[in-house]
Each structure stands twice: as C-alpha cells, then as structure tokens.
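K.L.:
Numbers in the working numbering are just positions in the first sequence, counted from 1, shifted up by 2.
Note that CB positions come from ideal geometry on N, CA and C, so glycine has one too.
Computed from a predicted model, the values in this text were never measured in an experiment.
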Amino acid sequence: MPELPEVQTILDAILPLVRGQTIQGVSLLWPGVVDRPTPDLFCAWLQGRQVLAATRRGKYMLFHLDDGRCLILHLRMTGELRMTPRPAAHHPHDRLIVHLQNGQDWRFKDQRKFGRVYLVEEPAEVIGKLGPEPLDAAFSPAYLAAALAGRGAAIKSLLLDQRLAAGLGNIYVDEALFRARIHPLRAGGALQPDEVAALAAAMQAVLTEALAEMGTTLRDYRRPDGSTGAFQNRLQVFRRTGEPCPSCGAAIRRIVVGGRSTHFCPNEQK
DNA sequence: GAAACCACCTGAGAGC
DNA sequence: TGCTCTCAGGTGGTTT
Numbered sequence: 003m004p005e006l007p008e009v010q011t012i013l014d015a016i017l018p019l020v021r022g023q024t025i026q027g028v029s030l031l032w033p034g035v036v037d038r039p040t041p042d043l044f045c046a047w048l049q050g051r052q053v054l055a056a057t058r059r060g061k062y063m064l065f066h067l068d069d070g071r072c073l074i075l076h077l078r079m080t081g082e083l084r085m086t087p088r089p090a091a092h093h094p095h096d097r098l099i100v101h102l103q104n105g106q107d108w109r110f111k112d113q114r115k116f117g118r119v120y121l122v123e124e125p126a127e128v129i130g131k132l133g134p135e136p137l138d139a140a141f142s143p144a145y146l147a148a149a150l151a152g153r154g155a156a157i158k159s160l161l162l163d164q165r166l167a168a169g170l171g172n173i174y175v176d177e178a179l180f181r182a183r184i185h186p187l188r189a190g191g192a193l194q195p196d197e198v199a200a201l202a203a204a205m206q207a208v209l210t211e212a213l214a215e216m217g218t219t220l221r222d223y224r225r226p227d228g229s230t231g232a233f234q235n236r237l238q239v240f241r242r243t244g245e246p247c248p249s250c251g252a253a254i255r256r257i258v259v260g261g262r263s264t265h266f267c268p269n270e271q272k
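1. Taking the alpha-carbon positions, what's the Lys-111 to Glu-215 distance?
2. Measuring CB atoms only, is the segment 194 to 207 touching the segment 256 to 268, in the sense that at least three cross pairs come out at less than 8 angstroms?
3. Report yes if the C-beta distance between Phe-65 and Leu-77 is below 8 angstroms; otherwise report no.
4. Where Glu-123 and Arg-71 are concerned, what is the direct C-alpha to C-alpha distance, given to the nearest angstrom?
5. Would you be able to state if there are at least three C-beta pairs under 8 angstroms between the segment 6 to 22 and the segment 226 to 240?
6. Is it right to say Arg-114 is buried, meaning 16 or more other beta carbons lie within 10 angstroms of its own, or is it exposed?
7. Should Arg-245 and Ile-257 be called a contact, given that it needs their Cβ atoms to be closer than 8 angstroms?
8. So for Tyr-145, helix, strand or coil by DSSP?
9. Would you tell me roughly how many angstroms separate the C-alpha atoms of Asp-107 and Asp-163, rounded to the nearest one?
10. To the nearest angstrom, how far is it from the Cα of Glu-82 to the Cα of Pro-143?
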C-alpha cells in the first residue's frame, strides 16, 4: 500500500534511472491502466520524449517531459515500478512497459489493476484538489485546525481524505492517531487545540520516520530493486489486533471506520 | 456541502 | 484436496 514514504522512496530510486532518458516505445499490456488521454494517444505522445525531472505530490509521481507534458503515475494498492534490461519476459501483472533508449525497460506492474497513469499538459487537472503536503511549511496546527473546524465525520475518515492533507493512507493515519492519543471515531471538529497540535506533530513524525526506514512493507510494497522497507518493524498499532499496546499493555482493537480497518488502543486513545 | 456508500480488482487465507 | 467465500484498501463516482 504505497503511501507518501513508499512513493518518495520509489521515486528517489527510479529517478536516476530515467532522468535524461529518451522513450523509444511503449508496450501497453492493459489499456485500462491509462486514465487519460486515450490509450492510443498515450502511447503516441510518449514516443520520442525525454524525461527531464520527477517530483512527488501526495501519492502521485510526476515525470516531467521535454514537450512540456507530464507523465503522472499512481500506484494505488499494489503498483510497483521496476527497471529491467531488454529483452525480458513479461510478468503476468505487467500493465505498462516503457522502453528506454539505454536498453532498459521501465515496468509498471500492478497485480490488482488499481494503479493509473496520466499524460497531461497541466498536472493540476490530476492533482489540483490535493491538500498540502504534511511535511511542508504550509501544513501547520493552525491549518489543520481550520480544515477540521465544523467537520462531524470521524477523524480517521477525514485524515484519509487527500483534500485535507496529501499522502497519508490507512497505515500512517492509524499510527499518527495512536501517537496523538486520539480515538479514530472522534469527530474532527471536536478536537481541542492541543489535540490538533499533537495530531499534526504525530503525522509529521510518523512520516519522517517512515521515510528514513524506506517505507512499510506488509505484503506488496517493494522498492524498485526488489528490497523491502523497514518501518513495519516499528508499527505500534496497525495490524496488531489483540497484541498488547506498547504503552499500556491493553489489547489493540480493530474496528471498521469508513470501510477501512482501523487499529487503536482502547485505553490510551480517547 | 458533507457524509456515506459502492465499484473497481485479484490473490491470500479461512472454512467446509 | 479442492471449492467457495471473505477480506484487503485508494480513489472517484453516486447517493443520501
């Protein structure tokens, strides 16, 4: 489940391998992976283009091309990026292969077909609704308090909304709420100023630590070289149902909030 | 406008 | 052993 730390880790690894490379061709193995434009235009527009740079926004990876267009990737649940020498046999889960001038194949593999690619002139049409990056200066307790004001939905659901803050997913929301000692079902607008401040700090801390650990590997996430992240060893509540809370020893509980598995300590989180 | 719900999708694991 | 069912979850669209 690639979230901000996983996406940044993948981007950091893949960028040196694609920057400056010219795209010789594209093999679209599953057209449904292309969100826009049409699959035919997607392949035609990529042909001959050079990758100039890459950036991340939330869970999206943006590859800036020499014609001004932007190739945007979202890995969703099970997407992976790999670089392999050409020729190489297709994996059944390969959805898109970009053939680079240096003889390498840049593969977008996605078991569950949730991942999407976009090729656009204006990235804002894809990422324009995203909220601030939690690790940027624009994200502050004051911003978070304003964003939560008047909201009656569960804080867990609100933190998963990428319009509020871009980059958190199920894992890091559960971990941040535990660190801030906030119950996931609390209404966002009901949090006190000190709780909002603790939550903002917790969100930033958990993401910073996960970045340092190269992300969390539970099952599907792999770095482009096939290696795993290490933050799964530091999870305190996520997928630890029934295990003792690392703080008080109470059994970690699992509930469903907004259709998502949610893990918390019933004793510590109020 | 906000909140809740659902579809998309496939493989792992549980249950029988 | 093999079949069926449930579950996992990010996003966008639809419904309430």
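P.N.:
To lay it out plainly:
1. 23 angstroms
2. no
3. no
4. 4 angstroms
5. yes
6. exposed
7. Per the sequence shown, residue 245 should be read as Glu rather than Arg. Their beta carbons are not under 8 angstroms apart, which means Glu-245 does not touch Ile-257 by this criterion.
8. helix
9. 34 angstroms
10. 34 angstroms
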